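*Asks:* Quick note on the working numbering: the sequence shown kicks off at 200 and runs consecutively. No residue lacks a Cβ here, since even glycine has one placed at the ideal position from N, Cα and C. The structure presented is a predicted model; accordingly, all values stated were derived computationally and were not measured.
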Amino acid sequence: MIEPEESGREQQEQEMDLIRRYILYGILFRVVMVDMDSTHQVVLKLTYDSVFQELSRWAERQHHAIRRLLRQRGCYVVHSQKQEHIYVVQYRQRGYLREAIYSIEILRAECQELVRLWVARKHMIGT
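1. Can you name, in chain order, every residue of its own chain whose Cβ lies under 6 Å from the Cβ of Arg219, other than the five neighbours on each side?
2. May I ask you to list the residues that DSSP assigns as paired with Ser302?
3. Strictly by DSSP, which residues pair up with Ser237?
4. What's the call for Val318, buried or exposed, on a 16-neighbour Cβ count within 10 Å?
5. So what does DSSP say about Pro203, is it helix, strand or coil?
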């Protein structure tokens, strides 16, 4: 039998993971569009806008799906902000205001991994 404290702790850890993923997908869908705009400053032989747009839409859909799931669990992101080398997120979890701090470099690496997984998934299904 699971102790009530353990299941509560496990639930809190799951919600913290959802918050992290929510932040990752939110950063990813915005950064992809900024990167797309950056490619317009250089003359390229081909346009990659459709790839950027599809990746951004996918990340945005994931972001919103996770937000809905968080709300169902009583979690709401109140504020998020980049501060020098960290990303600070304040969120409300069942009435308690909590704060999570993430390294910008780690978030960047995790976003890169999400892009890699998206490309691999697209390659596997052949679309």
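*Replies:* Reading from the atomic positions:
1. Sequence-distant Cβ neighbours of Arg219 in its own chain, meaning closer than 6 Å and more than five residues away, do not exist here.
2. Beta-bridge pairing links Ser302 to Ile285.
3. Checking the DSSP bridge columns, you'll see Ser237 has no partner listed.
4. Exposed, by the Cβ-count rule.
5. Confidence is the limiting factor: at Pro203 the pLDDT is only 48, short of 50, which leaves the residue's position unreliable, though a coordinate-based value still follows. If DSSP states are grouped into helix, strand and coil, Pro203 belongs with the helices.
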